[in-house]
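Residue numbers (UniProt numbering): 1 to 271.
For each residue, glycine too, the CB sits at the ideal point set by N, CA and C.
What follows is a set of notes on a single structure, which appears directly below.
This is the structure in structure tokens:
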């Protein structure tokens, strides 16, 4: 039995199947952790969603910002963006079943010392706080008011989570932290503009993993393709899983038991 963690698929289905073949992955025996952004930008979002859903209990999935965007478009009245590649899902005969499954996924998965979210965990949050706050969003997504929440979910305010926040502002701050975070300041305030490598950090900001924590979990995250699977200057145990498959680089699996990384090259042509 082996447990593998894989970064953002973003519709790269052929590479996903090839990587599972390389791993000799057996869903009856092995476990797969997927760091979110199963869909969008790549050519086969529908196939990725179906493939992962079919793995059943063999796959642990956290929601990424692109997954939440799909839900917001389908069920929250948001509009498709120019570069979105989600139409095949929205027009599929099994759309509702796929969306129901996606909407029931978590923002955070924990097993022992392993902890995975799409963008990471800020040092200001304990693991218990992160689990509790992720649970608040999951409850909102599963409630009868989920459509209203999805309609109001996105926005850049508030830029920092505060315990006193309430309602949609609180849920939005949690979503932004767990699915959009890259650079933060010492108080946990998010920057939403810088999306490239570490050398583009705004003044007063650093990568979230460059701040120390009081505990020592193994933090697994995707979301940040420009890191190319590395965490330079990290002051915590963190493993970057997004190696930019949709941008023409590779799709990578990390064996959580051995630390070995296995990659397959991207099939995408990026102009």
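- Per the coordinates, the alpha-carbon of residue 259 lies some 21 Å from the alpha-carbon of residue 210.
- Residue pairing by DSSP places residue 264 opposite 251 in a beta bridge.
- Residue 31 and residue 234 have their alpha carbons spaced roughly 27 Å apart.
- For residue 221, the number of other beta carbons within 10 angstroms of its own is at least 16, and it is reported as buried.
- Take the alpha-carbon of residue 146 and the one of residue 46: they are about 22 Å apart.
- The alpha-carbon of residue 263 is positioned some 26 Å away from that of residue 106.
- Between residue 189 and residue 224, the alpha-carbon positions lie close to 18 Å from each other.
- The Cβ atoms of residue 183 and residue 156 do not sit closer than 8 Å to each other.
- Here the C-alpha atom of residue 96 lies approximately 37 Å from the C-alpha atom of residue 207.
- For residue 175, no beta strand (DSSP E) segment is defined; the enclosing uninterrupted segment is the alpha helix (DSSP H) at 167-180.
- Considering only 175, 195 and 55, the residue with the shortest C-alpha distance to residue 63 is 175.
- Membership of residue 127 in the alpha helix (DSSP H) is indicated by the continuous run 127-141.
- Within 10 angstroms of the beta-carbon of residue 1 lie fewer than 16 other beta-carbons, which makes it exposed.
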